[in-house]
Amino acid sequence: MAVEDFPDTTININGSLTFCHGDSVELCSIAGSLTSTFLWSNGSALNCTTIDSSGNYFVVITNLSGCSRSSAPISVTVYPEQMAQLTFSAANDTLLSNINGSNFIWYFSVDGITYSDIPSAFNYMPVSTNGYYFLTFTDTNGCMAFSDTISRTVGLADLQSSLNLYPNPATDEIVVDLTQLNILTNATVEISDMYGRKIISLPINKNIKHKIDISRLTKGLYTLHINANTFSNSRLFVKQ
Numbered sequence: 575m576a577v578e579d580f581p582d583t584t585i586n587i588n589g590s591l592t593f594c595h596g597d598s599v600e601l602c603s604i605a606g607s608l609t610s611t612f613l614w615s616n617g618s619a620l621n622c623t624t625i626d627s628s629g630n631y632f633v634v635i636t637n638l639s640g641c642s643r644s645s646a647p648i649s650v651t652v653y654p655e656q657m658a659q660l661t662f663s664a665a666n667d668t669l670l671s672n673i674n675g676s677n678f679i680w681y682f683s684v685d686g687i688t689y690s691d692i693p694s695a696f697n698y699m700p701v702s703t704n705g706y707y708f709l710t711f712t713d714t715n716g717c718m719a720f721s722d723t724i725s726r727t728v729g730l731a732d733l734q735s736s737l738n739l740y741p742n743p744a745t746d747e748i749v750v751d752l753t754q755l756n757i758l759t760n761a762t763v764e765i766s767d768m769y770g771r772k773i774i775s776l777p778i779n780k781n782i783k784h785k786i787d788i789s790r791l792t793k794g795l796y797t798l799h800i801n802a803n804t805f806s807n808s809r810l811f812v813k814q
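Residue numbers (the numbering used here): 575 to 814.
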């Protein structure tokens with residue numbers, strides 16, 4: 575009587591099965607890659623696969639005898655990225671984040687390009703100086719989070735609501751939507767890293783949707799700054 579030789583479906587887990595957005599875990603079959611073929615539930619055909627999104631993952635292993643067996647599913651949980659919205663209270667001149675957490679660091683800039691950090695224990699901060707502000711912090715899942723950038727420069731309130739940047743986070747390109755603004759003259763778009771170093775500078779002369787290639791930027795936080803004769807404004811975005 576023939577005995578079927580089923581492959582070993584043990585999976586090694588390299589990393590945590592619960593982690594923050596942007597991290598990953600590696601799942602590896604211990605079956606030999608020279609004597610087995612693999613088909614993971616995410617479509618990978620290697621003996622190891624990298625997982626960066628929530629779900630249940632398993633692998634079907636087939637050995638040289640043609641016998642197949644599926645591994646037990648492994649559950650992965652990825653905490654979603656959180657982006658806080660900042661609001662300004664004119665009653666007490668305070669900026670407030672709509673998300674709580676810990677390890678708050680507020681950032682302030684006069685020009686929207688070079689920022690200085692202001693460590694704080696709170697998700698709110700008194701504001702006495704016109705400029706640009708955003709916030710980084712640790713959310714309740716232990717993940718790093720950040721806020722949008724808000725301008726407290728006199729005369730820029732209308733611009734803040736009419737300047738759109740998407741997607742955010744972005745991988746290969748961002749779209750700067752200027753269709754809601756007045757006619758632009760002698761305007762430039764600049765992208766700077768967190769140290770204030772200018773990475774990209776482009777002229778803009780039309781009120782249209784502008785696509786900007788960011789594929790060569792390293793992953794991290796960046797500031798997009800628009801400067802024209804009659805206004806300036808900045809937005810924060812993440813390059814994944």
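Don't be surprised by glycine CBs; every beta carbon is placed ideally from N, CA and C.
Integer Cβ distance of residue i from residue j, believed to fall under 8 Å
{"i": "GLU600", "j": "THR624", "result": "5 Å"}
{"i": "PHE711", "j": "PHE678", "result": "5 Å"}
{"i": "THR611", "j": "THR636", "result": "5 Å"}
{"i": "ALA744", "j": "GLN814", "result": "7 Å"}
{"i": "ASN586", "j": "ILE604", "result": "6 Å"}
{"i": "ASN742", "j": "VAL812", "result": "6 Å"}
{"i": "SER725", "j": "TYR740", "result": "So it is not a contact: roughly 18 Å between Cβ atoms."}
{"i": "VAL750", "j": "ILE773", "result": "Not confirmed; about 15 Å, so no contact."}
Status (buried if at least 16 other CB within 10 Å, exposed otherwise) for residue i
{"i": "ALA761", "result": "buried"}
{"i": "ASN807", "result": "buried"}
{"i": "SER606", "result": "Note that residue 606 corresponds to Gly in the displayed sequence, not to Ser. So GLY606 ends up on the exposed side."}
{"i": "SER645", "result": "buried"}
{"i": "ASN621", "result": "buried"}
{"i": "THR651", "result": "exposed"}
{"i": "PRO581", "result": "buried"}
{"i": "VAL684", "result": "exposed"}
{"i": "ASP713", "result": "buried"}
{"i": "SER766", "result": "buried"}
{"i": "THR723", "result": "buried"}
In DSSP terms, what residue i is bridged to
{"i": "ARG643", "result": "ILE635"}
{"i": "PRO693", "result": "ILE679"}
{"i": "ALA864", "result": "With the chain represented from 575 up to 814, any question about residue 864 goes unanswered, as that position is not in the structure."}
{"i": "ASP787", "result": "GLU747"}
{"i": "PRO741", "result": "Paired residues: none, contrary to the question."}
{"i": "HIS799", "result": "GLU764, SER808"}
{"i": "PRO700", "result": "THR668"}
{"i": "LYS793", "result": "Answer by DSSP bridge pairing: none, since LYS793 is not bridged."}
{"i": "CYS622", "result": "CYS602"}
{"i": "SER649", "result": "ASN630"}
6 Å CB neighbourhood of residue i in its chain, flanking five on each side removed
{"i": "ARG746", "result": "The residue you asked about is not Arg; residue 746 is Asp in the sequence shown. Result list for ASP746: SER789, in chain order."}
{"i": "TRP680", "result": "ILE692, SER694, MET699, LEU709"}
{"i": "LEU776", "result": "VAL763"}
{"i": "ASP732", "result": "Caution applies to ASP732, whose pLDDT of 42 falls short of 50 and renders its modelled position unreliable; the value that the coordinates give is listed next. Here the set comprises nothing."}
{"i": "SER615", "result": "TYR631, PHE632"}
{"i": "THR661", "result": "LEU670"}
{"i": "HIS799", "result": "GLY686, ILE687, GLU764, SER808"}
{"i": "ASP626", "result": "SER598"}
{"i": "GLY770", "result": "ILE687, THR688"}
Close-in-space but distant-in-sequence residues of the same chain around residue i (CB under 7 Å, 5 per side omitted)
{"i": "SER735", "result": "Caution applies to SER735, whose pLDDT of 48 falls short of 50 and renders its modelled position unreliable; the model cannot decide the point."}
{"i": "VAL728", "result": "In this predicted model, VAL728 has a pLDDT of only 40, less than 50, meaning its place in the structure is not dependable; the value taken from the coordinates is given anyway. ASN704, listed in sequence order."}
{"i": "THR609", "result": "ASN637, LEU638"}
{"i": "PRO647", "result": "ASN630, TYR631, PHE632"}
{"i": "LYS793", "result": "LYS813, GLN814"}
{"i": "VAL634", "result": "LEU613, SER642, SER644"}
{"i": "LEU791", "result": "ILE773, LYS813"}
{"i": "ASN738", "result": "ASP751"}
Within 9 Å, strictly: CB atoms of residue i and residue j
{"i": "SER721", "j": "LEU795", "result": "no"}
{"i": "TYR653", "j": "HIS595", "result": "yes"}
{"i": "THR753", "j": "ASN779", "result": "no"}
{"i": "CYS602", "j": "GLN656", "result": "no"}
Other residues of its chain near residue i: CB distance less than 8 Å, five sequence neighbours each side excluded
{"i": "ASP579", "result": "ASN637, SER639, CYS641"}
{"i": "VAL701", "result": "PHE662, ASP667, THR668, LEU669, TYR707, ARG726"}
{"i": "ALA619", "result": "THR611, PHE612, LEU613"}
{"i": "SER628", "result": "VAL650, THR651, VAL652"}
{"i": "GLY675", "result": "ASN697, PHE711, THR712, ASP713, THR714, ALA719"}
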